[in-house]
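Residue numbers (this note's numbering): 10 to 859. A virtual CB, placed ideally from N, CA and C, is assigned to each residue, including glycine.
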Amino acid sequence: MSSTKPLELKLPTPGCYSDHERAGIGADAVFDGITEHLFFTLGKLAPTASLHDLYMALSYAVRDRLMTRYLASQEAIRAKPQKTVAYLSAEFLIGPQLNNNLLNLGIQKEAETALKRFGIQSLGHILEVEEEPGLGNGGLGRLAACYMESLASLQIPATGYGIRYEFGIFNQLIRDGWQVEVTDKWLKGGWPWELPQPDEACFVGFGGRTENYIDENGKYRSRWIPTEHAIGIPHDVPVLGYQVNTCNRLRLWRADATESFDFYAFNIGDYYGAVEEKVASETLSKVLYPNDGTDEGRRLRLKQQHFFVSCSLQDMLRSLEKRGIAIEEFSKHWTVQLNDTHPAIAVAEMMRLLIDHYHLEWEKAWEVTNSSVAYTNHTLLPEALEKWDLDLFSSLLPRHLELIYEINRRFLQQVRLRYPGNDLILRKLSIIDEDGGKAIRMAHLATIGAHHINGVASLHSDLIKRQLLPEFAALWPEKFTNVTNGVTPRRWVALANPELSKLLAEEVGTDWITNMELLTKLENKQLDKSFLEKFGAAKLSGKRKLAGYIHRQTGVLVDPASMFDVQVKRIHQYKRQHLNALQVIAQYLRIKNGKAQGMAPRTVIFGGKAAPGYFMAKLIIRFINGIAEMVNADPDMDGRLRVVFLPDYNVKLGEQVYPATDLSEQISTAGKEASGTGNMKFAMNGALTIGTLDGANIEIREQVGAENFFLFGKTESEIMKLRNNNYDPKSYIEALPELSEAIRLIELGHFSNGDTELFQPLLNSLTGNDPFFVMADFADYLRSQDNVSRAWQDREEWNRMSLINTARSGFFSSDRSIREYCESIWNVQPFPVEITCDVNSLTNSSNKLS
C-alpha cells in the first residue's frame with residue numbers, strides 16, 4: 010500500500026462549515042462552544058457549573074468540531090464508493106475520548122486556555138472526570154481500538170461494528186486482599202461521544218423453526234420463522250484520525266424490543282408480562298461478557314454474538330442497496346474482518362442473508378462470503394476457542410444450523426477428494442465436533458469461510474499452522490499469514506507521556522507521531538550523557554506522577570527513585586503473575602537473611618482483573634495482596650522492596666503506568682501468549698523487558714537487540730518436551746533452596762495471617778501438575794532478575810538501554826499493522842477526504858462531494 014501524507018487542514022473560504030463558529034479551533038471559539046453547551050445543552054450557567062458539567066460541555070464542543078470531518082467522510086464514500094473495512098469485534102476498549110480527540114484535532118492548548126476562563130487551571134482536572142467506556146475488557150478490545158484509530162489516521166475508510174454495552178465487565182475493588190466486582194455504570198453521567206441513529210435500525214430473530222417453499226419462479230427455498238425478535242439501534246462514535254480530515258465511525262448496536270409494552274397483558278393484571286419482551290430483548294446489550302458458567306449465560310452470549318453480527322451485515326448490505334450497487338458486488342465494497350471467533354457466526358449469517366433474502370444461488374453466495382471475510386485468531390488456549398453445544402445452537406439459530414451442515418457437507422467432500430478413505434482427518438476438520446457432546450467449532454467455521462486466517466505474532470502464527478489448525482494449513486497454505494499486533498503511538502506515547510513526547514519532538518521533529526521509524530535517529534544519542542539525563546528525567550517525571558496516584562489510591566508510599574517493576578494485564582495462570590509473586594518472596598527472603606548485596610531497590614507493581622468465575626486467578630490476586638501486606642509492613646524492607654496491587658486496572662490507569670515503568674514483566678509460559686500489546690506500550694515508553702520467548706516478545710527482542718532484553722525461561726519446544734516426559738515440578742523445588750524456602754513460608758501461612766489453608770489450592774497446582782511450568786522456569790527467572798539488578802546499578806547504561814527500546818519500537822506501531830492488513834489481506838487503499846467549502850454539500854443529500 011502506498012503511503013499517504015496526512016492532509017494539512019487549511020482554513021476554508023467563508024461559508025464552509027469548517028469556518029462556522031461551532032467548528033472553530035481557536036481558544037475563543039472553544040470557549041464559546043463550552044459556554045453554549047453549558048447553557049443550551051446542559052441548562053447550566055458557568056458560575057454554578059461542576060467539573061462534570063464542564064467536561065460534558067467541552068466534550069460536546071469538541072464533538073461539534075468533529076462533525077465536519079465525520080459527515081464529509083461519510084458523504085465522500087457515498088459520492089465515490091470505496092472499499093471499506095468492516096471490523097467486527099465483541100470488544101472495543103476505546104478508553105477516554107476527550108483528550109484523544111483534542112490531540113487529533115491539534116487543540117489541546119486551545120482547550121486549556123479556554124478552560125482557564127472558567128477558573129480551571131489545568132486540562133487534567135477535567136480529564137480526570139471522564140468515565141472510561143465499558144465497551145471492552147482486555148487486549149482484544151484495546152487492539153480493536155488501536156486499529157480503528159490507525160485506520161482513520163492512515164485515511165482508510167472503515168467502520169467498527171460492536172455492541173453498546175450498558176454495563177462494562179465490572180469495576181474492581183480490593184477488600185481484605187480479595188477482588189470484589191462492582192457494577193460498571195459507565196453511562197450514568199451521560200456519554201457525549203455517541204450519535205444515535207434510530208432510523209437505521211435492524212431486526213434480528215432468534216429461535217423458531219424453518220420451512221421450505223417454492224417461490225414465484227419455481228425455485229426451492231427455505232425461510233426462517235423466528236419466535237423472538239429484537240431491534241438493533243445503531244449508536245455511532247466518531248473516530249478521528251490524527252491531523253487528517255478522515256473521521257471514520259464505530260457503530261455500536263443497542264438492543265430494543267419490537268414491542269415495548271403489551272397492553273393486553275397489563276389490562277388483565279400481568280404487570281411483569283406486559284414488559285417481559287422489552288426486558289428480555291434489551292438484555293442483549295446490557296453487559297459485556299455475561300458469565301458463561303450457566304446455561305442461561307451461554308445462551309445470552311451466543312444471542313449477543315448473533316445480534317451484533319446480523320445487525321452489522323444487514324447494515325453493510327443495506328448500504329449497497331441505498332447506493333444502487335448490486336449485492337453480488339459486496340466484496341468489492343466491504344472487507345469483513347472477524348476479530349477472533351466471537352463474530353464467526355458471520356459466515357453462516359452472511360450465507361443466510363444472501364440466499365434467503367437476496368435469493369442468490371449457493372455457489373454465488375459462497376463466493377461473495379468467502380471473498381469478503383477474513384479471520385484473526387487471538388488464542389491457542391482450547392477454552393478460548395468457542396464451541397457451541399448443538400442443542401443450544403439449534404434452539405436459537407435453526408436456519409444457521411442447516412446452513413452450517415451444508416457448508417460442512419460441501420467442505421468435507423473436498424477433503425475426501427484430497428484424503429480418500431481418511432476418516433480421522435474428516436473428524437479433525439469437521440465444523441461439528443463429535444467428541445463427547447456434539448458442538449459447533451466456531452474457529453473451524455471461520456477458517457473454512459474466510460479467505461485469510463492470520464495470527465498476531467510470528468510465533469503465534471507458526472503455532473496456528475503447526476498445532477492449532479495444521480490440517481487446514483496443509484489443505485490451504487495460501488490462506489494462512491501473520492500480522493504482528495501494534496499499538497497506536499498517539500495514545501500510548503503522545504497522550505500518555507507528554508514529557509517524553511516533547512523530548513522526542515525536540516530531537517526528531519513532530520512527524521514521529523505518524524512515522525515511528527523516525528525514532529531510529531535517537532540511536533545517535535545513546536552516548537550523549539546530556540540527552541540520556543533528559544531521557545531519564547522524563548521517566549522520573551512519570552514515576553513521580555504514578556507514585557502520587559499509588560499513595561492516593563492505596564495509602565502505600567513508594568520511592569520514585571526505586572526501580573518500578575511492573576506487571577499489568579488480565580490475571581490468568583498462563584500469564585504467570587504467581588511466578589512474579591514467588592520471586593518477590595525470594596527477594597524478601599534475601600533481605601531477611603542478609604543476602605541482599607547488589608539487589609536493586611524495587612517497587613513491584615501488579616494490576617489486572619480476574620474473570621468473576623475464575624477461582625485460581627482470584628486467589629492469585631489474594632496471594633499478591635498477602636505478600637504486599639507482609640512486605641510493606643516490615644521495616645527491614647524500607648528503601649529496598651515495596652509491593653503494590655493497583656485496583657481496577659484500565660486504559661485510563663494504563664496511561665499513567667506505561668510512562669512510569671522501568672522493567673516490563675512479560676513472563677507467560679512460552680507458546681501460550683498469542684502476542685501481547687502491553688509489551689509494546691512499555692517498550693515505546695522506554696521500559697526494558699524481562700520475558701520469555703513468547704508472543705511478540707520474540708519480535709521485540711529482535712528489534713531492540715538481545716543485549717537490551719532480559720531473557721529467561723524454556724522455549725515452546727522445550728515446554729512441549731517437558732509436557733511429554735512426565736514433568737515433575739517437585740524436582741525443581743528440591744534443587745533450589747530459595748524456592749523451597751519460599752514454598753515453605755507460604756505453607757506456614759506467613760502471607761495469610763497464619764491461615765495455612767488459604768493458599769493451599771495454589772500450592773497444590775504449583776507442586777502437583779504445575780500446568781504452566783512455573784517451577785521449571787523459576788531458577789532461570791531469578792537469575793535474569795539478578796541481571797536486572799546488576800544493570801540497574803549503572804543508571805547511565807540503563808538509560809541508554811531504555812533509549813534504544815524507544816528508538817527501535819517503531820515496528821510495533823498499529824500503523825504498520827494496518828498497512829500490512831491493507832496490503833496482504835484487505836486490498837484497500839487510502840482515500841483522503843477533501844472538505845469542500847459549499848455548506849450545502851454537507852447538509853443537502855442531493856449534493857455530493859467531489
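When the Cα atoms are used, what is the spatial distance from residue i to residue j?
{"i": "V248", "j": "T168", "result": "9 Å"}
{"i": "S470", "j": "E487", "result": "13 Å"}
{"i": "A58", "j": "A32", "result": "23 Å"}
{"i": "L598", "j": "A744", "result": "17 Å"}
{"i": "G177", "j": "Q675", "result": "26 Å"}
{"i": "K584", "j": "K578", "result": "8 Å"}
{"i": "T219", "j": "L405", "result": "12 Å"}
{"i": "Y790", "j": "F544", "result": "28 Å"}
{"i": "A626", "j": "D301", "result": "17 Å"}
{"i": "Y558", "j": "N634", "result": "18 Å"}
{"i": "L478", "j": "T529", "result": "38 Å"}
{"i": "W371", "j": "L412", "result": "10 Å"}
{"i": "Q181", "j": "K341", "result": "45 Å"}
{"i": "N226", "j": "W375", "result": "22 Å"}
{"i": "R710", "j": "L720", "result": "9 Å"}
{"i": "T490", "j": "G464", "result": "7 Å"}
{"i": "S684", "j": "L51", "result": "44 Å"}
{"i": "A715", "j": "S467", "result": "17 Å"}
{"i": "G763", "j": "G186", "result": "15 Å"}
{"i": "Q576", "j": "L390", "result": "21 Å"}
{"i": "L580", "j": "W262", "result": "The displayed chain sequence assigns Ile, not Leu, to residue 580. Cα to Cα, I580 sits roughly 29 Å from W262."}
{"i": "A605", "j": "L650", "result": "11 Å"}
{"i": "Q206", "j": "E45", "result": "24 Å"}
{"i": "P644", "j": "Q562", "result": "22 Å"}
Compute the distance between the beta-carbons of residue i and residue j, then report whether it is under 8 Å.
{"i": "I416", "j": "I457", "result": "yes"}
{"i": "S673", "j": "A696", "result": "yes"}
{"i": "P498", "j": "M525", "result": "yes"}
{"i": "K538", "j": "E516", "result": "no"}
{"i": "F127", "j": "G241", "result": "no"}
{"i": "T815", "j": "M693", "result": "yes"}
{"i": "V565", "j": "N641", "result": "yes"}
{"i": "A452", "j": "T350", "result": "yes"}
{"i": "K739", "j": "T776", "result": "yes"}
{"i": "S294", "j": "T344", "result": "no"}
{"i": "G171", "j": "L144", "result": "yes"}
{"i": "L401", "j": "R260", "result": "no"}
{"i": "A154", "j": "G104", "result": "yes"}
{"i": "P668", "j": "L536", "result": "no"}
Report the option in the options whose CA atom is closest to the CA atom of residue i.
{"i": "M9", "options": "K543, I594, K554 and A609", "result": "As shown, the chain starts at 10 and ends at 859. That puts residue 9 outside it, with no answer to give."}
{"i": "R825", "options": "M689, R732 and E119", "result": "M689"}
{"i": "A266", "options": "C256, S290 and P243", "result": "S290"}
{"i": "P235", "options": "G214, G148, V71 and I354", "result": "G214"}
{"i": "L812", "options": "T255, I614 and N717", "result": "N717"}
{"i": "W801", "options": "V94, D520 and A570", "result": "A570"}
{"i": "Q794", "options": "R611, K548 and G518", "result": "R611"}
{"i": "P841", "options": "L54, H461, E84 and L67", "result": "E84"}
In terms of residues, what are the limits of the beta strand (DSSP E) holding residue i?
{"i": "V577", "result": "M572 to V577"}
{"i": "R817", "result": "That residue, R817, is in no beta strand (DSSP E); it is neither H nor E in DSSP."}
{"i": "A383", "result": "V382 to T385"}
The alpha helix (DSSP H) spanning residue i covers which residue range?
{"i": "N641", "result": "F624 to A642"}
{"i": "N706", "result": "N706 to V713"}
Can you give me the Cβ contacts of residue i inside the same chain, cut-off strictly under 6 Å, excluding the 5 residues immediately before and after it?
{"i": "N113", "result": "L249 and Y251"}
{"i": "E664", "result": "A505"}
{"i": "F481", "result": "T456"}
{"i": "E843", "result": "none"}
{"i": "I354", "result": "Q314, H315 and V318"}
With a threshold of 7 Å on Cβ separation, who are the neighbours of residue i within its own chain once the five nearest residues in sequence on each side are excluded?
{"i": "E140", "result": "W195 and G198"}
{"i": "I116", "result": "I34 and V39"}
{"i": "H61", "result": "V138 and G198"}
{"i": "K312", "result": "F215, L293 and L405"}
{"i": "A123", "result": "A36, V39, F40 and I43"}
Please report whether the beta-carbon of residue i lies at a distance below 8 Å from any beta-carbon of chain B.
{"i": "K125", "result": "The chain labelled as chain B is not found in the depicted structure, where only one protein chain is given."}
Tell me whether residue i counts as near the ligand FMN, meaning its Cβ is closer than 7 Å to at least one heavy atom of that ligand.
{"i": "A692", "result": "In the structure on display, the ligand FMN does not appear, and there are no ligands present to speak of."}
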